[in-house]
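Residue numbers (our numbering): 37 to 261.
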């Protein structure tokens with residue numbers, strides 16, 4: 037792995053810290069997933085170039101906003117008739133959210149994550165769909181160091197794929213032979229978790245109790261689209 041980056045940070049606006057970074061990564065070989073074996077194998081050399089933009093804005097003592105965006109151009113570095121796209125390498129990843137609250141009292145956060153479409157094979161003829169998830173948290177900080185909070189993962193209970201692969205397989209009842217198709221690991225359904233913790237004075241570690249209740253049973257891996 038050989039990498040380089042250059043960036044600039046701006047704090048000219050009160051409360052806002054914004055950073056732009058240009059980067060380039062060269063890999064001797066890519067690790068690609070092999071579906072029929074269920075493992076990864078070393079593949080062709082590659083290059084990733086891109087830009088990363090991060091922003092954090094403390095609007096008031098009790099409100100903070102943040103937004104991040106990464107755009108990447110990922111390609112195999114050699115020439116091959118199969119194509120130059122790197123399977124599962126996204127072009128765009130974005131995250132944004134806000135945080136409410138101060139050191140004591142009520143607090144809350146809401147976060148959005150966007151994972152853009154990805155090529156699933158080298159010639160880019162098969163692509164995944166984008167995935168957008170929203171997570172939330174609300175809680176209360178007591179003056180004795182105790183914090184209680186409620187987390188909601190996949191707040192909108194979207195049905196999407198966490199990751200996708202394209203390879204040959206055969207399901208029960210299908211004709212003899214192998215069929216090339218998309219296989220995915222679905223996003224976990226909405227889950228609600230409650231936590232209580234205490235941070236003793238002068239300590240950075242907290243004792244935590246955690247209880248999780250899911251809205252539905254988790255879907256199995258390896259679903260065929």
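Every residue, glycine too, gets a C-beta built ideally from N, C-alpha and C. As the structure is a computational prediction, the values presented were derived from the model and not from experiment.
Asked, Found
"Leaving aside the five residues before and after residue 187 along the sequence, list all residues of the same chain whose C-beta is less than 6 Å from its C-beta, in chain order.", "173, 229"
"Could you pull out every residue in the same chain whose Cβ sits closer than 7 Å to the Cβ of residue 151, ignoring the five residues on either side in sequence?", "126, 129, 166, 167"
"State the Cα-Cα distance for the pair residue 87 and residue 66, rounded to the nearest angstrom.", "21 Å"
"Using the three-state DSSP reduction, which class does residue 178 fall into: helix, strand or coil?", "coil"
"Mind checking which residues open and close the beta strand (DSSP E) that includes residue 126?", "Where residue 126 is concerned, there is no enclosing beta strand (DSSP E), given that its DSSP letter is neither H nor E."
"Taking the alpha carbon of residue 101 as the point to measure from, which residue in 107, 79, 93 has its own alpha carbon closest?", "93"
"Could you please give the first and the last residue of the uninterrupted beta strand (DSSP E) stretch that includes residue 199?", "197-205"
"Is the beta carbon of residue 164 sitting closer than 9 Å to the one on residue 124?", "yes"
"How would you write the range of the beta strand (DSSP E) that residue 87 sits in, first residue to last?", "82-96"
"Looking only at its chain, what residues have a beta carbon closer than 6 Å to the beta carbon of residue 42, apart from the 5 residues adjacent to it on each side?", "58"
"By Cβ distance below 8 Å, which residues in the same chain neighbour residue 40 in space, the five residues on each side in sequence not counted?", "59, 60"
"For residue 78, which residues from the same chain have a beta carbon less than 7 Å from its beta carbon, with the 5 sequence-adjacent residues on both sides left out?", "65, 67"
"At the level of alpha carbons, what is the spacing between residue 252 and residue 55?", "Note on residue 252: pLDDT 48, under 50, position unreliable in the model; the coordinate value appears next. If I take the Cα positions, the gap works out to 40 Å."
"Give me the residue from 49, 134, 107 with the minimum Cα distance to residue 170.", "134"
"Express the C-alpha separation of residue 120 and residue 148 in angstroms, rounding to a whole number.", "31 Å"
"If we call anything under 9 Å between Cβ atoms a contact, is residue 136 one with residue 179?", "no"
"Does chain E have any CB closer than 9 Å to the CB of residue 168?", "Annotation note: the requested chain E is absent from the structure, which comprises a single protein chain."
"Could you give the residue range of the beta strand (DSSP E) that holds residue 110?", "99-112"
"Looking at the structure shown, is residue 41 part of a helix, part of a strand, or coil, going by DSSP?", "strand"
"Decide if residue 256 is buried, meaning its Cβ has at least 16 other Cβ atoms within 10 Å, or exposed.", "Summary for residue 256: the model assigns pLDDT 39, below 50, so the residue's position carries little reliability, and this model does not support an answer."
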